[in-house]
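Data block below; observations after.
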Amino acid sequence: KMAVYARGQVFVTDVRPGVKLENPVDQSNMLASIDPRNEWPQLVHDSWRIYRDFFYDPNLHGVNWDAQLDRALKMVQHAANREDVEYIIGQMAAELNVGHAYIWGPGEESRSLGVAVLGCDFAVATDADGNRGVSISKIHSGADWDTDVRNPLKRPGLDVKEGEFILAVNGVPVDPDLDPYAAFAGLANQTVGLTLSSKAVKDEDARDVLVDTLSNDSELRLRHWIEENRKYVYEQSGGRIGYVYVRNTSRGGFVDFQRQFMGQYMMDGLIVDERWNGGGLSPHQMVETLARQSYQHWATRDGESWRTPQMVHVGPKAMLINHAAGSGGDSFPWLFRHLDVGPLIGTRTWGGLVGLSGNPGLIDGGYNSVPKFAFYDDDGTWAVEGHGVDPDIEVIDDPTLLARGEDPQLDAAIEWVLAEIEANPPVKIAPVPPYPNRSGSGIPERDW
Numbered sequence: 097k098m099a100v101y102a103r104g105q106v107f108v109t110d111v112r113p114g115v116k117l118e119n120p121v122d123q124s125n126m127l128a129s130i131d132p133r134n135e136w137p138q139l140v141h142d143s144w145r146i147y148r149d150f151f152y153d154p155n156l157h158g159v160n161w162d163a164q165l166d167r168a169l170k171m172v173q174h175a176a177n178r179e180d181v182e183y184i185i186g187q188m189a190a191e192l193n194v195g196h197a198y199i200w201g202p203g204e205e206s207r208s209l210g211v212a213v214l215g216c217d218f219a220v221a222t223d224a225d226g227n228r229g230v231s232i233s234k235i236h237s238g239a240d241w242d243t244d245v246r247n248p249l250k251r252p253g254l255d256v257k258e259g260e261f262i263l264a265v266n267g268v269p270v271d272p273d274l275d276p277y278a279a280f281a282g283l284a285n286q287t288v289g290l291t292l293s294s295k296a297v298k299d300e301d302a303r304d305v306l307v308d309t310l311s312n313d314s315e316l317r318l319r320h321w322i323e324e325n326r327k328y329v330y331e332q333s334g335g336r337i338g339y340v341y342v343r344n345t346s347r348g349g350f351v352d353f354q355r356q357f358m359g360q361y362m363m364d365g366l367i368v369d370e371r372w373n374g375g376g377l378s379p380h381q382m383v384e385t386l387a388r389q390s391y392q393h394w395a396t397r398d399g400e401s402w403r404t405p406q407m408v409h410v411g412p413k414a415m416l417i418n419h420a421a422g423s424g425g426d427s428f429p430w431l432f433r434h435l436d437v438g439p440l441i442g443t444r445t446w447g448g449l450v451g452l453s454g455n456p457g458l459i460d461g462g463y464n465s466v467p468k469f470a471f472y473d474d475d476g477t478w479a480v481e482g483h484g485v486d487p488d489i490e491v492i493d494d495p496t497l498l499a500r501g502e503d504p505q506l507d508a509a510i511e512w513v514l515a516e517i518e519a520n521p522p523v524k525i526a527p528v529p530p531y532p533n534r535s536g537s538g539i540p541e542r543d544w
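For what it's worth, the numbering used here labels the leading residue of the sequence shown as 97, then goes sequentially.
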């Protein structure tokens, strides 16, 4: 007999050709007794074995891997809980001195209450009469054309304004002495009633509106930040420089790039911001687009000339990088420099250019992510991993300035791109040459 798992069910069947899987085992009343402490040595040994069998370097970076197992098995005898075991496995993996070597346990999700958010900032403020209340200090939203992300307070007809006070949520008064989010506990992804007023007390001027709350407004805040940066670059450059932010090199980052680049490729200069890039896949397609050259021009009688490829930016470009850009966020600036697209401005990137493609998990549902491939240069040199990509122009982050809304790295990029535009004005469309005279019997040699 053998047990077979198929189609989400378990079957017990004979081992013979042509057997049919019928009568699945009823598991509704099945219970298993597990002593987690007895599993812990196996978790250590399996983790050790998974690294041994799947790590990209068969020599495991020169580490005496057998000795690491012996040490970890001795330590796990003194573990008090699953977190201790995770720590021991993590210390064993840390001996490999490599990025992307993550570990996490099965975990138990604690029950939580979804707190609603509105894509805005709150502040405890005082109205003209000296009354205290909770006000909407800032409403976050992306560009007007970001139809996929909308702030619930900007729904047509609501007319919610910054500076208005939230007096009540679903009729319950908002206490300015409590955290403003306390009034929204348990109300995520629901339609709630807000009582709003320009005053901190309820009177005949107060009004009620219905708002569809969110459970997370991080995307709204990111889009707002991107749009504010784009406007700032546009204003500071007199409308000559575009701004593209790429959050990662996964789906979201590629969408970011396409959405923003296609609307700004015709500008004189371009700043690509990959700070805090979370990585993902290889970003070579984005860099190839940025490095694209204009090869041909086409004249027409009734309109302006065009070029091929059409979606090409011919002006100077710079990329912003920082310590929090890694993995694909390391590869992005490396390729940007390798293809000589422009300078890298900011601080050195994270330095994690090995990759993951899946490996077995642990018996209790835990998991180790084992780097299965690593980057090396065309000349056969290991690169980036453990160091990162250095900037061409170093500009140190200043948290104090960032907290005030200033961005010295972005300012440095604007300054560099503007100087390049002035020194080497980009030729977007070459002028149409004099039309040829081919009235003779042949074609002049110059037109061959």
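Just so you know, even glycine gets a beta-carbon here, dropped at the ideal spot from N, CA and C.
Residue from the options whose Cα sits closest to the Cα of residue i
| i | options | result |
| --- | --- | --- |
| Val-340 | Phe-280, Gly-365, Thr-496 | Gly-365 |
| Tyr-183 | Glu-300, Val-140, Tyr-147 | Val-140 |
| Ser-602 | Pro-412, Leu-506, Asn-344, Gly-376 | Nothing can be reported for residue 602: it is not among the residues displayed for the chain, which extend from 97 to 544. |
| Gln-192 | Ala-519, Gly-501, Gly-482, Ala-526 | Checking the displayed sequence, the identity of residue 192 turns out to be Leu instead of Gln. Among Ala-519, Gly-501, Gly-482, Ala-526, the Cα nearest to that of Leu-192 belongs to Gly-482. |
| Ser-240 | Asn-134, Arg-148, Leu-316, Thr-404 | Contrary to the premise, residue 240 reads as Asp rather than Ser in this sequence. Closest by alpha carbon: Leu-316. |
| Leu-449 | Gly-424, Arg-228, Asp-460 | Gly-424 |
| Leu-386 | Arg-403, Pro-412, Val-351, Asn-373 | Pro-412 |
| Glu-518 | Leu-306, Arg-336, Leu-127, Ala-197 | Arg-336 |
| Glu-258 | Ala-221, Arg-178, Pro-522 | Ala-221 |
| Asp-474 | Trp-446, Pro-439, Trp-430 | Trp-430 |
| Pro-120 | Asp-110, Ile-235, Gln-105 | Gln-105 |
| Gln-505 | Ala-499, Asn-160, Glu-324, Glu-490 | Glu-490 |
| Val-288 | Ala-279, Val-100, Pro-113 | Ala-279 |
| Asp-131 | Ile-459, Gly-348, Met-171 | Ile-459 |
Beta-carbon gap between residue i and residue j smaller than 9 Å
| i | j | result |
| --- | --- | --- |
| Leu-214 | Thr-309 | yes |
| Gly-253 | Val-245 | no |
| Val-230 | Leu-283 | no |
| Ile-417 | Ile-510 | no |
| Gly-338 | Gln-354 | no |
| Pro-379 | Gly-442 | no |
| Glu-370 | Met-415 | yes |
| His-320 | Gln-360 | no |
| Asn-464 | Ile-146 | yes |
| Asp-494 | Tyr-328 | no |
| Ala-102 | Leu-209 | no |
| Ser-401 | Ile-492 | no |
| Gly-484 | Ala-470 | no |
Residue range of the beta strand (DSSP E) that includes residue i
| i | result |
| --- | --- |
| Ile-459 | Ile-459 -> no beta strand (DSSP E), and no H or E assigned at all. |
| Gln-105 | 105-109 |
| His-320 | Counting along the chain, His-320 falls outside any beta strand (DSSP E), though it belongs to the alpha helix (DSSP H) covering 314-332. |
| Met-171 | Taken as a continuous stretch (DSSP letters only), Met-171 belongs to no beta strand (DSSP E), being part of the alpha helix (DSSP H) at 161-172. |
Contact belief for residue i with residue j at Cβ below 8 Å, rounded distance in angstroms
| i | j | result |
| --- | --- | --- |
| Val-383 | Val-307 | Val-383 to Val-307, Cβ: 42 Å. No contact. |
| Trp-144 | Gln-173 | That belief does not hold up - the Cβ atoms of Trp-144 and Gln-173 are roughly 15 Å apart, past 8 Å. |
| Leu-290 | Val-265 | 6 Å |
| Phe-151 | Pro-467 | 7 Å |
C-beta neighbour in chain D for residue i, strict 9 Å
| i | result |
| --- | --- |
| Trp-200 | This model lacks chain D altogether; it includes just one protein chain. |
Bridge partner(s) assigned by DSSP for residue i
| i | result |
| --- | --- |
| Met-407 | For Met-407, which the question treats as bridged, DSSP gives no partner whatsoever. |
| Ala-99 | Val-108 |
| Trp-394 | Trp-402 |
| Arg-133 | Beta-bridge pairing links Arg-133 to no other residue. |
| Ala-278 | Paired residue(s): none; Ala-278 is not in a bridge. |
| Tyr-341 | Asp-369 |
Element boundaries [alpha helix (DSSP H), containing residue i]
| i | result |
| --- | --- |
| Val-480 | Where Val-480 is concerned, there is no enclosing alpha helix (DSSP H), given that its DSSP letter is neither H nor E. |
| Tyr-183 | 178-190 |
| Met-358 | Here Met-358 belongs to no alpha helix (DSSP H), and DSSP marks it neither H nor E. |
| Thr-385 | 380-387 |
| Thr-496 | 495-499 |
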